[in-house]
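Note sheet for the following structure.
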Amino acid sequence: MLVLAYVENMKTRLGFEAFKRAGDYAFKLSVTSCNPLLSALVKENEIGDVDYVYKEMIRRRVEVNVISFNIIINGMCKVGKLNKARDAIQDMKAWGFLPDVFTYNALINGYCKKGGIGKMYKADAILKEMIESEVRPNEITFNILIDGFCKDENISAAMRVFEEMRTQGLKPTVVTYNNLINGLCLEGRLDEAIGLLDEMVGLGLKPNVVTYNVLINGFGKKGKMKEATDLFDNIVKKGIAPTVITYNTLIDAYCKDGRMEDAFALHKSMVDRGIFRDVSTYNCLITGLCREGNIPVVRKLINEMINNGLKADVVTYNILIDAFCKEGESRKAARVLDEMVKIGLRPNHVTYNTLMLGHCREGNLRAALNVRTQMEKDGRRANVVTYNVLIKGFCKKGKLEDANGLLNEMLEKGLIPNRTTYEIVKEEMVEKGFVPDIEGHLYSISAS
1 MLVLAYVENM
11 KTRLGFEAFK
21 RAGDYAFKLS
31 VTSCNPLLSA
41 LVKENEIGDV
51 DYVYKEMIRR
61 RVEVNVISFN
71 IIINGMCKVG
81 KLNKARDAIQ
91 DMKAWGFLPD
101 VFTYNALING
111 YCKKGGIGKM
121 YKADAILKEM
131 IESEVRPNEI
141 TFNILIDGFC
151 KDENISAAMR
161 VFEEMRTQGL
171 KPTVVTYNNL
181 INGLCLEGRL
191 DEAIGLLDEM
201 VGLGLKPNVV
211 TYNVLINGFG
221 KKGKMKEATD
231 LFDNIVKKGI
241 APTVITYNTL
251 IDAYCKDGRM
261 EDAFALHKSM
271 VDRGIFRDVS
281 TYNCLITGLC
291 REGNIPVVRK
301 LINEMINNGL
311 KADVVTYNIL
321 IDAFCKEGES
331 RKAARVLDEM
341 VKIGLRPNHV
351 TYNTLMLGHC
361 REGNLRAALN
371 VRTQMEKDGR
381 RANVVTYNVL
391 IKGFCKKGKL
401 EDANGLLNEM
411 LEKGLIPNRT
421 TYEIVKEEMV
431 EKGFVPDIEG
441 HLYSISAS
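Under full-length UniProt numbering, the residue at position 80 of the sequence shown is numbered 80, and the numbers go up by one with no gaps.
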């Protein structure tokens, strides 16, 4: 009971320690106390501890149930350990329990989160397996799968699942339509997205702030600012409270359209309405100002952000580094990198690759290579983008043999060339009469 008491009082770590001590003192544990502990550990992403508790439950002959297995499977899927989730399903069956709708939903969600053609195909196959096993999918099952396909930019597959949902006698929800509208907006199919909005209203479903956020984002990315602004005004007219995401989406669209006055007017409106501005709000404005080369105002905004209790993040600094590099001021960009390290922020691949690109554009190859060394010391391995930047940089300086060496180094590390790599090799090497020597790594330049 001590384990359960700790968990119910939000003291998961103490509950876990009590669980371990119970074994040392041979205290009997029950599924009633172990399941809440498992659930709490999953919420805190302590999956290693989840695995430990599960194995100990089996070892101590605690009577596990379907809920125990579903919690474990959900936890494994949550962090992408899909093979371990599959193993848990086999254990579940060995204990005489059959997977239910919660089991399948967790597994489908796990594959959808991984994304990619292979994983989405597997998620779709699990739905079929589920139906064949006479486990009836629910709205959540279909919403997960539709969202997965939409995020994978496979709207035709999402629509097919949408039709299957109806075939199974289930009514689409607001979440279903939001996912589909988002998928259509990502593909720029805005007329169809509005068509789905009309359809959901016709079915008596009320669009929520997420629906409008998705549409504003879709129209904003296409530069259709009148439509995006009209949608924003519609939210207010319908009595739906715009969120910080709503504001950030429209501010970002204004900034990308070069309408900085409108962006700052909307920013002021946020302040007047008492809506909390987050780091993303400032990052959108900073990006817009950097495009205009207005670095002094950027510095003021960063100070304002800090005064409001917010900390500039890696994205903020990446925007600044990119702006300086585009202005041909890579030395200043390097100082920004030093500044972010001093305040305890860890640069990511984008940070390093952007600075390398800046140095390469200025023909400073030694500085670019020094950045790569710094990146590797920081525990970031050079990726395909890193090599693309360096290979192109060396090519532009006429150092084709060195570029060829970098290409081989990239391939030897098992990195797979992308379309950009092929284009660099074709345009900067082959078309200039230099045939790259890539022994053991032959691939077709013409295929690009």
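Yeah, the Cβ is synthetic: ideal placement off N, Cα and C, and Gly gets one too.
In this text, all values refer to a predicted model and were calculated from it rather than measured experimentally.
Leaving aside the five residues that flank Asn65 on each side, the residues in its chain whose CB is nearer than 6 angstroms to its CB run, in chain order, Val31. Non-local C-beta neighbours of Asp322 in its own chain, meaning closer than 6 angstroms and more than five positions away in sequence, comprise Thr354, ordered along the chain. Its chain contains Met225 as the residues whose beta carbon lies nearer than 8 angstroms to that of Arg259, once the 5 sequence neighbours on both sides are disregarded; these appear in chain order.
Where Asn182 is concerned, the enclosing alpha helix (DSSP H) starts and stops at Val174 to Leu186. In this structure, Asn217 places its C-beta atom within 8 angstroms of the C-beta atom of Cys185.
When the five nearest sequence neighbours on each side are left out, the beta carbons in the same chain lying within less than 8 angstroms of the beta carbon of Ile47 are those of Leu41, Gly75, Met76, Lys78, Val79 and Lys81, in order along the chain.
The C-beta distance from Leu14 to Pro36 rounds to 13 angstroms, too long to fall under 8 angstroms, and the pair is not in contact. Burial state of Glu163 is exposed, judged by a 10 Å Cβ sphere holding fewer than 16 other Cβ atoms.
Per the coordinates, the alpha-carbon of Lys396 lies some 40 angstroms from the alpha-carbon of Met305. By a beta-carbon distance limit of 8 angstroms, Arg346 does not contact Met356. Their separation comes to about 17 angstroms. Residue range Ile47 to Arg59 is occupied by the alpha helix (DSSP H) that includes Lys55. Of the candidates Tyr121, Glu132 and Val135, Tyr121 places its Cα closest to the Cα of Phe149. Our two residues, Ile89 and Thr103, have alpha carbons roughly 8 angstroms apart in a direct line. Three or more beta-carbon pairs separated by less than 8 angstroms are not found between the region 296–310 and the region 330–339, which leaves the two stretches without contact. Residues Gly15, Pro36, Leu37 and Ala40 of the same chain have their beta carbon placed closer than 6 angstroms to that of Val7, with the five preceding and five following residues left out of the count. Leaving aside the five residues that flank Phe232 on each side, the residues in its chain whose CB is nearer than 8 angstroms to its CB run, in chain order, Tyr212, Ile216, Pro242, Thr246 and Leu250. Nearest in C-alpha terms to Gly115, of all of Ile140, Asn105, Leu145 and Leu98, is Leu145.
For Gln168, there is no enclosing alpha helix (DSSP H), as DSSP marks it with neither H nor E.
Under the three-state reduction of DSSP, Lys342 is assigned to helix. In this structure, Cys34 places its C-beta atom within 8 angstroms of the C-beta atom of Val53.
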